[in-house]
Each structure stands twice: as C-alpha cells, then as structure tokens.
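Below you'll find the structure, written out as structure tokens, and then a few comments.
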Amino acid sequence: MDFDKDKAIALLNEIMELELAGVVRYTHYSLMVFGYNRIPVVEWLKQQAEEGLLHAHKAGELVTLLGGYPSLGIGPLLETHVHDIGDILRESLAHENQSLTAYYALLELARDKSVLLEDYARSLIVEEEMHVDQVNKMLRRTGKTDVYETPKS
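Per the working numbering, the very first residue in the sequence shown carries number 55; after that it's consecutive.
Structure (structure tokens):
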C-alpha cells in the first residue's frame, strides 16, 4: 500500500464516528415517531441504526488493519428538537450526505493505491447513495388527499 496511511486511518475514524452518530440519531428518532405510519417508519429507522453499527464496526476493523487506534468519539448529533417525520427525514438526509462525503474522500485517497480500501469505499458509497435515495423518495409529496372542490366558473 503506497498511500498516506495516517490520512486513511483518520478518514476511517471519521467514518466510524459518523456511523456511530447515525446509530444514536436513528435510535432517538425511532423513539420519537408517532401517528398512523409509526410502525413502518420506526422499523426503517431501527434498521438504519443497526446498519450504522455494522458500518462503524467495519471501519474500526480497517483502522486496526492499518495499525491505527479506533476512535471512541461520536460524530456530530444534529438535533433540532422538532420531531415531525419530515423534519426527521431532512435531518437524516443531511447526515447521510455527510457520511457519503467521507466515503468519497476515502475513495479518492485509496484510488489505485489500495484495492481493499477502494472496494470498501465503493461498496459503502453504493449503500449510502441508496439511503439518500430512500430518504429523498420519502420526502417527496404524494397525491393530494384533500377533498376536491370544483372550481367556480
């Protein structure tokens, strides 16, 4: 591996911290959802938390593979104290985009220098892009459900 190992360790620790922040964030959100769609939304949020823990663990394994020390930190926890599902999803989208930026930075660092880290970054970019797409679709408006009123002529 002919690349900046210290920079790779720093990026992997950043990824680990972001993913752990996602675990906390999604767990918190899953407790704050109320209303008709609670059950499927809570299940989706819990799945995101579980997946974030797996992603954090994998990043930590790669830190130790490179001879580094896994961070005990947790990334930023954006909390607006507004728990409307739309607000939760917008905060989730911001978090997913932040994680995506870190994975792209790792990909750039590893490109043509470490197949292992390059493949890892690519696979997580695919997963994060899919998460961004899921959240984006959940934020889109569906058809209007209000009572239709005939326009006055």
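Beta carbons: idealized from backbone N, C-alpha and C, even for Gly.
Note that the structure is predicted; figures quoted are calculated from it, not measured.
Below 7 Å between beta carbons: does that hold for residue i and residue j?
i    : j    : result
A113 : I69  : yes
Y80  : L108 : no
L131 : E145 : no
G106 : V136 : no
F57  : K191 : no
A175 : L160 : yes
I63  : L120 : yes
Mark residue i as exposed unless 16 or more other C-beta atoms lie within 10 angstroms of its C-beta, in which case mark it buried.
i    : result
I93  : exposed
S84  : buried
V201 : Reliability fails at V201, whose pLDDT of 32 lies under 50, so the model's placement of it is uncertain and the value that follows must be treated cautiously. So V201 ends up on the exposed side.
R194 : exposed
How far does the alpha helix (DSSP H) with residue i in it reach, from first residue to last?
i    : result
H109 : 92–119
K191 : 169–193
G140 : 139–164
V87  : Taken as a continuous stretch (DSSP letters only), V87 belongs to no alpha helix (DSSP H), as it is neither H nor E.
So residue i and residue j are in contact, right, with Cβ under 8 Å, and what is the actual spacing, rounded?
i    : j    : result
G129 : L72  : 4 Å
E182 : E150 : 6 Å
Can you tell which of the options has the C-alpha that lies nearest to the C-alpha of residue i?
i    : options                : result
K61  : H185, A156, M192, N91  : A156
M184 : L154, A110, G76        : L154
L74  : G127, T134, G140, L116 : G127
L171 : Q188, G197, D187, E115 : E115
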